[in-house]
Amino acid sequence: MYEKKISSKNPGLICGILDDSGSTEDKLSGTTDSIFEWIARYFGIILMELLARSTAMQGQEAVVKPRYHNSFVLYGSAPKIWGEPVMDIESTVKRFQEADNSLGLCAGLGGTDALAAFEKMYDILKESIQKKEFCNSFPAMVFHLTDGLSATDATPAAEKIKQLKTSDGNVLVVNAFIGTSTNLEYTSSTDFTGYLDESEAGPSPDNIRLFHMSSEMPETIFNNLVEDGIFPELRQGSRLFFDVRTKEMLKHVIQVVGSIGSRTERTER
Amino acid sequence: MSQCQNIILTVSPSMFGGEAKNQDRASFDPRTQTACVCDGITSSPYAAKAAKIVAKAAPVIMDDPEVHVQTAADILNHHRDIALTCPVQVSASVPIAIRTLVQESARSTMKTSYQTTMVALRCKTEDSYTDAAMIACGDSGLFAFMPNGRLLFTNLAERPKERECSTSNGHKTLSFRPGRELLVKSKGSLADYPVLAQCLKILTPQNWLLCQALSLIEKTERPTMRHGDLVVDLLTDEWIAVPRYLFNPIKTGCHSRMGSVVCSRFVRRVCDPITDYAELTFDLRGNTTAALPDAYAANQYRIYYERFPHDTHYLLCSDGFYRCFSTPIQMWQWLMNYRLQLTVRKHKKMLLNDLHRRLDQRCGDDDISFVWLIPPYGKEIADAF
């Protein structure tokens, strides 16, 4: 399980559930830019990375292979799909470029209804994951980035998403809680060990809820994150739950998407 | 087995991946008895060319791997430098809005162009043993099997760190490494010490000697080892188990029990942890790999020198081949089951098709290549589909 390599025939599906509520206008700790700007910035970097991995030379010409697809749901009081429900990497980058290198995030969607956003993503995935192009792929990875409390509990919808599967395993849910603090002591990605249980993720009940909503890290992803040096001290069995205290941590968390099913030279990152 | 069916070489491009790859290359040079498998990195432009360059150069590289691995890296870097200066055209199929981005992206990927893994082996066969020089860079596999399928060595399993033995005052440390031989005194057959043989998990104790380490004998015929592989610190008078074929008796008297032993991973300290290859699996391996030329600068390659029994089978393969199986023993059984068919082109083609299908179901299809050296190593049977 979780061993499929990414290819045009078995593309990777990278999804984002992005909090665009009013509070993401706050500055990210230690920076002068707002949280939503940092999210867009680092997602942009990842999109370029996915584009690079999809770019191949055919003779002397560069072409874009549909090795990755994307789906984004932005949410505040209500969920909103960015672009088409599912787009190949070429379409995603085109739209991103045309939107002035943004995902349309602007802290403009009011309150925080995470449940509705997860339900929306569930609907998209339920339909797309059965399709021929994804049913034998590395399972979709759903990234949830939020900066705070939700008026609703998304746990039931997250559980439904985690039950969806391809022939290579269940869909993975990653939660990144921006600006929270936990019981785990670490200084940076280099000594981040990951979260094994709720006592480490606490004390906040919201942390614990997001911890439980997160998938356990598959061994292949664990191996790649350690070997790539993204989280060298990670412990096996950690959840895909991250507390984001700095912009560097946000970058590293988003890099988790780079750890699925690719085959790259180890020293390039 | 006739003398003309002892080297089986196969390169079979991915069939079901949805993208043409064809980035594996394999070679065998009968003159120098050098085998090589290279697997070009998918995300690296011109990876197939890189694999071809290195596979072709393997006989020269293995003349002196310590030196010439750098030459191989230099050649690949030279090709990369040329690629970086060439303009990149973007296909008309790419939307105009992102052509500049794709061009930048393609230009950026040129920084990691010409990447390939490499495993190579040169063997020199004597009457009772084979001396093998091996190089491994990345996730391609190098295996040495006994005829009964027991795995003697693979680069895919890290040998556990040497554990400190309890020391006694007054005993001198003997740093046993390639280039040195050890003067030992034989206590006799390990078969006479069944409990010890059991503790060491040695199943054929009659083929082993129990010896006492005495002192080191300096030799210069082998290059000094780099990269920290295979250095065993022994103590004088420490007991070790030695395969009989590694023991060279010194004729000082009609019943001499004195002898010399070349440095080998098969020499076992009595208190040594055991490398248990039986537990090795090919599942759940990460998807990143080291690759030349970058791995040279990063020291992410290994060179091994080892003495194996003369009837050792060697297998060099890309990850596409070993990922068709869960364990080395499954892979060995497949080779044994289809040994004869692998020498007939049409049968081999069918077998490879089946492997591609199996690989596609497991982790996605990939190029499959391997070189299998069956003792006595003779003429090559090569096929590239």
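Protein sequence lines correspond, in order, to chains A and B.
Just so we're on the same page, my numbering is the position in the first sequence counted from 1, plus 753.
Just so we're on the same page, my numbering is the position in the second sequence counted from 1, plus 135.
From the three backbone atoms N, C-alpha and C, an ideal C-beta is built for every residue, glycine too.
Assign residue i to one of three DSSP states: helix, strand, or coil.
i	result
B/Leu-236	helix
B/Cys-139	With a pLDDT of only 37 at B/Cys-139, under 50, the local geometry of the prediction cannot be trusted, and the value read off the model is given with reservation. Of the three classes helix, strand and coil, the one that applies to B/Cys-139 here is helix, per DSSP.
A/Lys-758	coil
B/His-362	In this prediction, B/His-362 scores a pLDDT of 40, lower than 50, which makes its location untrustworthy; no coordinate-derived value is stated.
B/Ser-310	strand
B/Asp-429	helix
B/Thr-206	helix
B/Val-396	strand
B/Ser-453	coil
A/Gly-861	coil
B/Ser-303	A caution first: B/Ser-303 carries a pLDDT of 43, below 50, which makes its placement in the model too unreliable to give a value.
B/Gln-347	strand
B/Ile-509	coil
A/Leu-963	helix
B/Pro-384	strand
A/Gln-850	helix
In the DSSP output, what is residue i paired with across the bridge?
i	result
A/Tyr-795	Answer by DSSP bridge pairing: none, since A/Tyr-795 is not bridged.
B/Met-253	B/Cys-272
B/Glu-441	B/Ala-267
A/Asn-923	A/Lys-918
A/Tyr-821	A/Gly-765
A/Lys-780	A/Ser-787
B/Ala-279	B/Phe-288 and B/Tyr-449
A/Thr-808	A/Val-817
B/Asp-372	Answer is none; B/Asp-372 lacks a bridge partner.
Find the nearest neighbour of residue i within the set the options, judged by alpha-carbon distance.
i	options	result
B/Glu-441	B/Arg-257, B/Ser-228, B/Asp-159 and B/Lys-483	B/Arg-257
B/Asp-174	B/Val-189, B/Asp-164, B/Gln-168 and B/Leu-338	B/Val-189
B/Glu-414	B/Ser-461, B/Asn-141, B/Phe-456 and B/Ile-196	B/Ser-461
B/Thr-169	B/Leu-450, B/Lys-483, B/Asp-495 and B/Met-471	B/Leu-450
A/Met-1002	A/Asp-950, A/Glu-872 and A/Thr-933	A/Thr-933
B/Gly-276	B/Phe-163, B/Cys-398, B/Tyr-249 and B/Tyr-457	B/Tyr-457
A/Ala-870	A/Asn-889, A/Phe-995, A/Thr-899 and A/Gly-783	A/Thr-899
A/Gly-863	A/Ser-774, A/Ala-809 and A/Ile-788	A/Ser-774
A/Glu-886	A/Ser-968, A/Tyr-821, A/Ser-787 and A/Leu-858	A/Tyr-821
B/Ala-208	B/Ala-186, B/Pro-222 and B/Ala-227	B/Ala-186
B/Lys-336	B/Leu-351, B/Ala-376 and B/Ile-196	B/Ala-376
B/Phe-417	B/Glu-154, B/Gln-465, B/Asp-198 and B/Val-506	B/Gln-465
B/Glu-201	B/Phe-401, B/Glu-154, B/Glu-261 and B/Ala-255	B/Ala-255
A/Ile-792	A/Pro-971, A/Leu-803 and A/Glu-778	A/Glu-778
A/Ala-805	B/Leu-236, B/Ala-268 and B/Arg-437	B/Leu-236
B/Tyr-264	B/Pro-428, B/Cys-334 and B/Phe-401	B/Phe-401
A/Lys-879	A/Val-924, A/Gly-783 and A/Glu-837	A/Val-924
Excluding five sequence neighbours on each side, which residues of the same chain lie with their C-beta closer than 6 angstroms to the C-beta of residue i?
i	result
A/Thr-946	Glu-986 and Arg-988
A/Asn-823	Ile-767, Met-840 and Thr-845
B/Gln-435	Ala-425
A/Asp-996	Phe-930, Thr-933 and Thr-935
A/Gly-1035	Absent from the model: residue 1035 of chain A. The displayed extent of chain A is 754 to 1022, so no value can be given.
B/Thr-177	none
B/Lys-191	none
B/Ala-332	Leu-325 and Pro-340
A/Gly-901	Ser-776
B/Asp-159	Val-146, Asp-174, Ser-453, Asp-502 and Ser-504
B/Val-405	Trp-374
Within a Cβ cutoff of 8 angstroms, which residues of the same chain sit near residue i, ignoring the five residues on either side of it in sequence?
i	result
A/Asp-866	Tyr-828, Gly-829, Ser-830, Ala-831, Pro-832, Ser-903, Ala-904 and Thr-905
B/Asp-109	Here chain B has residues from 136 to 520 only, and residue 109 of chain B is not among them.
B/Gln-205	Tyr-431
B/His-491	Ser-147, Ser-149, Met-150, Phe-151, Asp-500 and Ile-503
A/Pro-819	Ser-761, Pro-764, Ser-807, Asp-841, Ile-842 and Glu-843
B/Thr-302	For B/Thr-302, the predicted structure reports a pLDDT of 40, less than 50, and the residue's modelled location is therefore unreliable. A value from the coordinates is still provided. Taken in chain order, the residues that qualify are Leu-370.
Grab me the residues of residue i's own chain with a C-beta within less than 7 angstroms of its C-beta, minus the 5 sequence neighbours each way, in chain order.
i	result
B/Tyr-412	Leu-286, Thr-289, Ala-292 and Pro-463
A/Tyr-795	Leu-1003, Lys-1004 and Ile-1007
A/Tyr-948	Leu-937, Ala-954, Phe-964, Ser-991, Arg-992 and Phe-994
A/Asp-944	Glu-986
A/Val-979	Pro-985 and Leu-987
A/Asp-772	Tyr-828, Thr-865, Leu-898, Thr-899 and Asp-900
- Listed in chain order, which residues of the region 793 to 817 of chain A have Cβ atoms closer than 8 angstroms to some Cβ of chain B? For the region 793 to 817 of chain A, the residues whose beta carbon sits under 8 angstroms from a beta carbon of chain B are, in order, Met-801, Leu-804, Ala-805, Arg-806, Thr-808, Ala-809, Met-810, Gln-811, Gln-813, Glu-814, Ala-815, Val-816 and Val-817.
- Task: Determine which residues of the region 201 to 231 of chain B have a Cβ less than 7 angstroms from any Cβ of chain A, and write them out in chain order.
- Result: From the region 201 to 231 of chain B, only Val-223, Gln-224, Val-225, Ser-226, Ser-228, Val-229 and Pro-230 have a Cβ closer than 7 angstroms to chain A.
- When you check each C-beta in the region 235 to 264 of chain B against every C-beta of chain A, which residues fall closer than 7 angstroms? Within the region 235 to 264 of chain B, those residues whose Cβ lies closer than 7 angstroms to any Cβ of chain A are, in chain order, Leu-236, Val-237, Gln-238, Ser-240, Ala-241, Ser-243, Thr-244, Thr-247 and Gln-250.
- Check distances from the C-beta atoms of the region 841 to 870 of chain A to those of chain B and list, in chain order, the residues that come in under 8 angstroms. Residues passing the 8 angstroms Cβ filter: Glu-843, Val-846, Lys-847, Gln-850 and Glu-851.
- Query: Which residues, taken in chain order from the region 756 to 780 of chain A, show a beta carbon closer than 7 angstroms to some beta carbon of chain B?
  - Reply: From the region 756 to 780 of chain A, only Glu-756, Lys-757, Lys-758, Ser-760, Ser-761, Lys-762 and Asn-763 have a Cβ closer than 7 angstroms to chain B.
- Query: According to a CB-to-CB cut-off of less than 7 angstroms, which residues of the region 962 to 994 of chain A neighbour chain B?
  - Reply: Those would be Glu-972, Thr-973, Asn-976, Asn-977, Glu-980 and Asp-981, in chain order.
- Task: Taking only beta carbons into account, state which residues of the region 145 to 156 of chain B come closer than 8 angstroms to chain A, listed in chain order.
- Result: Within the region 145 to 156 of chain B, the qualifying residues are Phe-151, Gly-152, Gly-153 and Glu-154.
- Item | Contact residues within the region 447 to 463 of chain B, judged by C-beta distance below 7 angstroms to chain A | Interface annotation for the region 447 to 463 of chain B against chain A: empty, criterion Cβ-Cβ distance under 7 angstroms.
- Item | Chain-ordered residues of the region 266 to 277 of chain B with a beta carbon less than 8 angstroms from chain A | For the region 266 to 277 of chain B, which is checked against every Cβ of chain A, not one residue is closer than 8 angstroms.
- Query: Along the region 472 to 502 of chain B, what residues have a CB closer than 9 angstroms to any CB found in chain A?
  - Reply: Residues Asp-495, Gln-496, Arg-497, Cys-498, Gly-499, Asp-500 and Asp-501.
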